[in-house]
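Counting from 4, one number per residue, gives the positions in the sequence shown under the numbering used here. Every residue gets a Cβ at the ideal spot worked out from N, C-alpha and C, and that includes glycine. Just so we're clear, the structure is a prediction, and the values are computed from it rather than from any experiment. Worksheet: one structure, shown below.
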Amino acid sequence: MSILPITVFGDDILRKKAAPVTEIKDDIVEIVDNMFSTMINANGIGLAANQVGINRRIFVIDVSAVEGYEKFKPMVFINPKIVSKSDELESFEEGCLSIPELKANVIRPKGIEISFYDLNMKEHKMETDDLVARVIQHELDHLNGVLFIDYLDEETKKKIKKHLNKIKNRKVEVNYPITKSPNYLLYK
Ligand code: ZN
Numbered sequence: 004m005s006i007l008p009i010t011v012f013g014d015d016i017l018r019k020k021a022a023p024v025t026e027i028k029d030d031i032v033e034i035v036d037n038m039f040s041t042m043i044n045a046n047g048i049g050l051a052a053n054q055v056g057i058n059r060r061i062f063v064i065d066v067s068a069v070e071g072y073e074k075f076k077p078m079v080f081i082n083p084k085i086v087s088k089s090d091e092l093e094s095f096e097e098g099c100l101s102i103p104e105l106k107a108n109v110i111r112p113k114g115i116e117i118s119f120y121d122l123n124m125k126e127h128k129m130e131t132d133d134l135v136a137r138v139i140q141h142e143l144d145h146l147n148g149v150l151f152i153d154y155l156d157e158e159t160k161k162k163i164k165k166h167l168n169k170i171k172n173r174k175v176e177v178n179y180p181i182t183k184s185p186n187y188l189l190y191k
């Protein structure tokens, strides 16, 4: 298992719609393994494939370090789709390994139903809410080129512009490896 550099705000691949996985070969298994070690090394609770330069519809989550979620096992989601969303919305503070040193409240549906495939290409359906639904929605957005900062109001967007430029120029301090170029691509 290896720790991969994480793409940051400004990197091209973070704004691209990731391609579906059509077949699970050894390379995909290795990618998922590396995504887990990269996420854990960065103390993240979710990581999308394009955050490590991989243009595929895959994300991993592990919320077991969060109080109250100790029993929740790490999971991989391949070709995920949101089937339904609750009418009830919830505001919750989000952060992102690709946008270091920034946190903001984002309003999203409180609960979701999601379909996805596992590493055996077996289809699953899952209903979940609160933190897990939050992480899943954030990660699925990544696969569509959407970042949590896109939901902020214009005034807040103006306020964070400087910080985003710093990230773009890699002038932020992070305790995990980040990419060195905005064109970084590991797996096309
Ligand atoms: Zn993120």
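In three-state DSSP terms, what is ASP133?
Stepping through the sequence shown from its first residue, residue 133 is reached at position 130. In the structure shown, ASP133 falls within a helical segment according to DSSP collapsed to helix, strand and coil.
For the ligand ZN, any of its heavy atoms closer than 8 Å to the Cβ of GLU142?
The count along the sequence shown starts at 1 and reaches residue 142 at position 139. True, at least one ligand heavy atom lies under 8 Å from that Cβ.
I want to know whether the region 170-184 touches the region 80-99 - three or more CB-CB distances under 8 Å.
Output reads no: the region 80-99 does not touch the region 170-184.
Helix, strand or coil, according to DSSP, for GLU96 in the structure here?
Position 93 of the sequence shown holds residue 96. Strand at GLU96.
Between the region 98-118 and the region 128-135, can you find at least three pairs of beta-carbon atoms closer than 8 Å?
Yes, they touch.
If you follow the beta strand (DSSP E) that PHE62 is in, where does it begin and where does it stop?
As a position in the sequence shown, residue 62 is number 59, starting the count at 1. It spans 61-64 - the beta strand (DSSP E) in which PHE62 sits, taken as one unbroken run.
Give the single residue among VAL32, VAL55 and GLU33 whose Cα lies nearest to the Cα of LEU17.
Position 14 of the sequence shown, counted from the first residue, corresponds to residue 17. Minimum Cα distance to LEU17 is reached at VAL55.
So, at 6 Å on beta carbons, what are the nonlocal neighbours of ARG80 in its own chain, with the 5 sequence-adjacent residues on each side left out?
Translated into positions along the sequence shown, residue 80 becomes position 77. Correcting the residue identity first, residue 80 is Phe in this sequence and not Arg. Once the five neighbours on either side are set aside, the close Cβ partners of PHE80 are PHE62 and PHE119.
Taking only the alpha-carbon atoms, compute the straight-line gap between GLU73 and ASP65 and give it to the nearest angstrom.
For the purposes of this step, residue 73 is taken as the residue at position 70 of the sequence shown. For the purposes of this step, residue 65 is taken as the residue at position 62 of the sequence shown. Those two C-alpha atoms are separated by around 10 Å.
Any heavy atom of the ligand ZN closer than 8 Å to the beta-carbon of HIS145?
Taking the first residue of the sequence shown as 1, we reach residue 145 at position 142. The answer is yes for HIS145.
Does DSSP put GLU176 in a helix, a strand or coil?
Taking the first residue of the sequence shown as 1, we reach residue 176 at position 173. Residue state, collapsed to three classes: coil.
Do you know offhand how far ILE27's Cα is from GLY49's?
As a first step, residue 27 must be located in the sequence shown, where it is residue number 24. As a first step, residue 49 must be located in the sequence shown, where it is residue number 46. Taking the CA atoms as reference points, ILE27 sits about 21 Å from GLY49.
State the Cα-Cα distance for the pair MET78 and HIS166, rounded to the nearest angstrom.
Residue mapping note: residue 78 aligns to position 75 of the sequence shown, counting from 1. Residue mapping note: residue 166 aligns to position 163 of the sequence shown, counting from 1. Approximately 32 Å, taken between the alpha carbons.
Ignoring anything shorter than 4 residues, give me the alpha helix (DSSP H) runs that lie fully in the region 5-77, in order along the chain.
Correct list: 29-44.
What is the rounded straight-line gap between the Cα of ARG137 and the Cα of LEU188?
Taking the sequence shown and counting its residues from 1, one reaches residue 137 at position 134. Taking the sequence shown and counting its residues from 1, one reaches residue 188 at position 185. Going by C-alpha positions, ARG137 is about 27 Å away from LEU188.
For ASN124, is the classification buried or exposed, using 16 other Cβ atoms within 10 angstroms of its Cβ as the cut-off for buried?
In the sequence shown, counting from the first residue as 1, residue 124 sits at position 121. Note on residue identity: the sequence assigns Met, not Asn, to residue 124. Exposed.
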